[in-house]
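In this note's numbering, the protein residues as written are 18 to 228.
Backbone N, C-alpha and C define an ideal beta-carbon position, used for all residues, glycine too.
The structure displayed is predicted, hence computed values, not measured ones.
For reference, the structure is listed below as structure tokens.
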Amino acid sequence: MNKKKKLVIAICGASGAELGLKCLSKILHLDYLECYLVLSEGAKNVLRCENNFHFDNFVESLDSNISTNTRLKSTIEILKKYRNRFHIFDDRDLSSPIASGSFGVNAMAIIPCSVNSLAKIAYGISDTLITRSALVCLKEQKKLLLAPREMPLNAIILQNMLTLCNLNVVISPPILGYYSNASSLEDMENFVIGKWLDSLDIENSLYKHWE
Ligand SMILES: Cc1cc2nc3c(=O)[nH]c(=O)nc-3n(C[C@H](O)[C@H](O)[C@H](O)COP(=O)(O)O)c2cc1C
């Protein structure tokens, strides 16, 4: 019997889409996890704009992209190393297993979450695999974590966040914290990713937990 915890990492088209890939790269060594990755078209666009990273090329040819961006270099190396440890689904493919409650996803994180997808989920719209899977998590009462990234926040976004928070969704934006003594962007990212993994009950030592 497969007792692995099924975890969906979805990436939407908000700034810092690289954080979703980085988060995935931190957990692929964990044997008890079965990971599923979905990127929206918006996420692929942001990765092109912010990282000069072409996700579809990466999947087709694992050797491409390496030299074009520095912030993602080590992450891509890890994704390459553990490529057989995660499945990739197309955001347009609503027949993917994770679109069905019977597949038994245990948890899903959308990192980062665009305010577009946040709004769709809050209103029950499921026209992409990411929004459909999120709504499946809600109906099955599984853990759902959203990391919305927008600044500043308007009343519509805040209202949507409240709607989802009231449904037990973990609303966890990438917010800086200084108590972990971060001295680089990587440290700060590890702090934020570590907080997300804490919420998902996934062990990590990515930042110094307060003692
Ligand atoms: C470079 C870039 C940065 C963006 N940053 C954000 C952002 O931080 N937050 C956000 O909600 N949308 C942002 N957007 C807009 C979204 O990508 C856009 O609304 C898209 O339709 C979201 O689609 P998705 O929800 O399917 O990923 C950005 C777009 C681009 C091209």
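Straight-line CA distance for N221 to W213?
10 Å
Candidates L162, N123 and A199: closest to N183 by CA position
L162
Using only the alpha-carbon positions, how far apart do S88 and V132 sit?
Here residue 88 turns out to be Arg, not Ser, going by the sequence shown. Near 24 Å, if we compare the C-alpha coordinates of V132 and R88.
Can you tell me whether C229 is helix, strand or coil according to DSSP?
The requested residue 229 is not part of the displayed model; the chain covers only 18 to 228.
Backbone secondary structure at P114 - three-state DSSP
helix
Could you check whether the region 189-208 touches the region 47-65, counting it as contact only if at least three pairs of C-beta atoms, one from each stretch, sit closer than 8 Å?
no
Taking the alpha carbon of D73 as the point to measure from, which residue in E228, S117, K39 and D108 has its own alpha carbon closest?
D108
Any heavy atom of ligand 1 closer than 8 Å to the beta-carbon of R109?
no
With distance defined between alpha-carbon atoms, name the residue in T180, E228 and L36 nearest to S197.
E228
By a C-beta neighbour count over all protein chains shown, 10 Å radius and 16 as the cutoff for buried, is K98 buried or exposed?
exposed
Nearest CA to the CA of K156: which residue from A124, L179 and I174?
A124
Straight-line Cα distance separating L179 from L170
13 Å
Under 8 Å by Cβ, that's how I've got A34 and P129 pegged, so tell me the actual separation to the nearest angstrom.
6 Å
Any idea what DSSP makes of K275, helix, strand or coil?
No information on residue 275 is available, as it lies outside the stretch 18 to 228 that the chain covers here.
Between which two residues does the beta strand (DSSP E) harbouring L161 extend?
K160 to P165
Boundaries of the alpha helix (DSSP H) in which F70 is found, first to last residue:
That residue, F70, is in no alpha helix (DSSP H); it is neither H nor E in DSSP.
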